[in-house]
Each structure stands twice: as structure tokens, then as C-alpha cells.
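Numbering (our numbering), first residue to last: -2 to 320.
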């Protein structure tokens, strides 16, 4: 007990010595934990905010401090330097990034990961000049839907997200981009092989990695201590797909599928009905079961396939094009 008190006292002394200009125990401990240079920050005693010089923004306690994590900070820096991304805090004290004219709310480190993947790494950057419809299965917070809607040749985006909290954040992102939101038709249910309602474990901090089996085991250590359950409404994608092709009978279909496990039953059902042959481009992330069954379906329907990380046991990606 005494030893722990001495350790805590020594830790506070080191924090004070390293960050003498930070008159706040919370911020000094966060800076010490993440080994942030004292030259990178300034503290505003009146507001209690921490001005973070590399991004030029003031951080709020327990709201934007995830930016101090080195991995997150590095990706934020890359977005700012390489993609001309702007960072700012809006009137509601939300962290907003603006990139390619698209505004996005960033609430977690995972949000920034997704923005980095989509807008800097270009994981969904398909080049196609003809008018097309994009189906976004696993909409998450709507970043990909906005990325697609920002393309002149994309006539409409059909987006599906069964988790309410995640869906609600997507709607807030769409509200920031009203000119793009006009193209997006968002639905608060998931798609699979059949009509059903299932209950799964859910955590907002790792929301992009929660699917029909709940939180991915590899990400459970990163989840918060306040996990909850969510009831998911699922509808058969073959029926949903009929509605889309009925609305746009003469348009090519591009499918982005990232739904944490449902991709297998979705392609199974599309293969049985033959509807897989109506899709022009597939961009898909697979999980846990490997790519072989998915590749077989795509090959049977004449797709040219690019498989990334085919030997992985947990996750990989497939890009498929119908000549």
C-alpha cells in the first residue's frame, strides 16, 4: 500500500517536472502516458482544453484525447500532410475533419482509421466512367457512402447499417454534407440470407468491427468496459437487391461489402438466385472463414478477382470485376 503511494507520488512528480506548464492532473497524466513532447501542447486553464499544436485544435477531456495515442496521432498527421485534410472543433465541440470537400465526425480512433483507409489509402477507389449504383453493405458511420456519393458517375448509394448508435452517427455525418446526402438512401437494418432478429454484443469504441457474431475477439481488449447488447434486424439481401435493380434497371451495380461475417451467406444467396451475375464490381472484406468459398462463387459468375491476404486466418479483401 505504502509502496504504491510512493510510486504514484513519484509519477506525479515526473509529470510536473516534464509538463510544468500543464496545470491539470488529467492532461499531464495523459501526456505522460502517451509520451507527448511538452513542446506540442499548451493548456488553457479557463476552458480546461489542451491545444494540440500538430493538428492546430483544442482537445476536450474524455472526448478528443484519443488523438494523443501515437498510432492515431500518426494517422491524423498523415491525413493532414498527404491528403490536405483539415481538422477543427465545431460549435457542438465535435471533432470534424474535412477532406475532398467531405466533412466527417471523428469520435474514436477507429473512426480516424476508417477515414485514413478510405480517403488516403483509397481502399474503395474504383475507377469507372459509366453511371452506376453503389450498394454499401456495412455502412458503419457513413464514411464510405459519402466517399461514393462524392463521385459524379455514382447516381445513388444504397446503405445498410443494423446498429442504431452507428447508424445515428452516419445520419449526423450525412447532415454535414447535404449535397451528397441527397444521393444516399440509408436503411437501419442489415442484410443476410433471411428475415431474422438477432442479439449481439456491441461496443461503440470498436463499432466498425462488430457484426452478426458480436465483437471480434481480437478487438475485445480494446473495447470499453461498458459493452452492451444490440438487437439487429436482418432482411434477405436477394429481396433488397430486387428492389434496387427495379429502381435502376439500366445501371451497373457496384457492391461494397464489409459486414463482419455476413458476406458468406450474402454471396451464397446471390449465387443461388443468379443475382450475383447482375453486379459489375465487388469490393469485399472477408472475416474468419477465409476467401475460398467467396472466390468460388465469383469465379462461377465470370469475375476477375484480386485477392489480398489470402493466407490470413482472420481477415482479407477481395476485389472482383465483371468484364
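Every residue, glycine too, gets a C-beta built ideally from N, C-alpha and C.
Treat the numbers as computed from the prediction; the structure is a model and nothing was measured.
Buried versus exposed, by CB contacts within 10 Å (16 or more), residue i
{"i": "residue 43", "result": "exposed"}
{"i": "residue 149", "result": "exposed"}
{"i": "residue 274", "result": "exposed"}
{"i": "residue 124", "result": "exposed"}
{"i": "residue 99", "result": "buried"}
{"i": "residue 161", "result": "exposed"}
{"i": "residue 71", "result": "exposed"}
{"i": "residue 228", "result": "exposed"}
{"i": "residue 61", "result": "buried"}
Residue from the options with nearest C-alpha to residue i
{"i": "residue 189", "options": "262, 119, 86", "result": "262"}
{"i": "residue 294", "options": "245, 283, 265, 248", "result": "265"}
{"i": "residue 350", "options": "161, 176, 317", "result": "The requested residue 350 does not occur in the structure, where the chain is confined to residues -2 to 320."}
{"i": "residue 321", "options": "80, 236, 133", "result": "Because the chain is modelled from -2 through 320, residue 321 falls outside the range shown and cannot be assessed."}
{"i": "residue 250", "options": "100, 151, 85", "result": "151"}
{"i": "residue 288", "options": "303, 299, 278", "result": "303"}
{"i": "residue 390", "options": "305, 59, 53, 185", "result": "For the chain, the structure presents residues -2 to 320; residue 390 sits outside this window and is missing."}
{"i": "residue 236", "options": "225, 191, 195, 200", "result": "191"}
{"i": "residue 305", "options": "164, 281, 17, 104", "result": "281"}
{"i": "residue 226", "options": "244, 238, 199", "result": "199"}
{"i": "residue 272", "options": "299, 259, 255", "result": "299"}
{"i": "residue 270", "options": "234, 76, 182, 146", "result": "234"}
Straight-line Cα distance separating residue j from residue i
{"i": "residue 276", "j": "residue 242", "result": "10 Å"}
{"i": "residue 21", "j": "residue 38", "result": "13 Å"}
{"i": "residue 106", "j": "residue 93", "result": "13 Å"}
{"i": "residue 310", "j": "residue 283", "result": "10 Å"}
{"i": "residue 56", "j": "residue 91", "result": "10 Å"}
{"i": "residue 385", "j": "residue 156", "result": "No information on residue 385 is available, as it lies outside the stretch -2 to 320 that the chain covers here."}
{"i": "residue 320", "j": "residue 290", "result": "21 Å"}
{"i": "residue 84", "j": "residue 158", "result": "26 Å"}
{"i": "residue 301", "j": "residue 35", "result": "52 Å"}
{"i": "residue 31", "j": "residue 67", "result": "7 Å"}
{"i": "residue 253", "j": "residue 54", "result": "33 Å"}
{"i": "residue 246", "j": "residue 257", "result": "29 Å"}
{"i": "residue 285", "j": "residue 313", "result": "9 Å"}
{"i": "residue 86", "j": "residue 112", "result": "17 Å"}
{"i": "residue 116", "j": "residue 126", "result": "19 Å"}
{"i": "residue 25", "j": "residue 77", "result": "25 Å"}
{"i": "residue 109", "j": "residue 143", "result": "15 Å"}
{"i": "residue 40", "j": "residue 130", "result": "48 Å"}
{"i": "residue 52", "j": "residue 178", "result": "28 Å"}
Distance cut-off 7 Å: residue i Cβ against heavy atoms of the ligand ZN
{"i": "residue 280", "result": "With respect to the ligand ZN, the structure offers nothing, as it holds no ligand at all."}
Checklist entry - Can you give, in chain order, each stretch of the alpha helix (DSSP H) that sits fully within the segment 103 to 154 and has at least 4 residues? => result Annotation note: the segment 103 to 154 contains the following uninterrupted alpha helix (DSSP H) runs of length 4 or greater, listed N- to C-terminal: 106 to 112, 140 to 146.
Checklist entry - Would you call the segment 163 to 172 and the segment 116 to 135 touching, i.e. three or more CB-CB distances under 8 Å? => result Not touching, per the Cβ criterion.
Item to check | Whole runs of the alpha helix (DSSP H) within the segment 219 to 250, excluding any shorter than 4 residues | outcome: Qualifying alpha helix (DSSP H) stretches, in chain order: 234 to 244.
Checklist entry - Counting only runs that start and end within the segment 45 to 93, where is the alpha helix (DSSP H) found for 4 or more residues in a row? => result Listed in chain order, they are 67 to 79.
Checklist entry - Taking only runs of the alpha helix (DSSP H) that begin and end inside the segment 250 to 300, which ones reach a length of at least 4 residues, in chain order? => result Runs of the alpha helix (DSSP H) spanning 4 or more residues and lying entirely within the segment 250 to 300 occur at 260 to 270, 289 to 297, in chain order.
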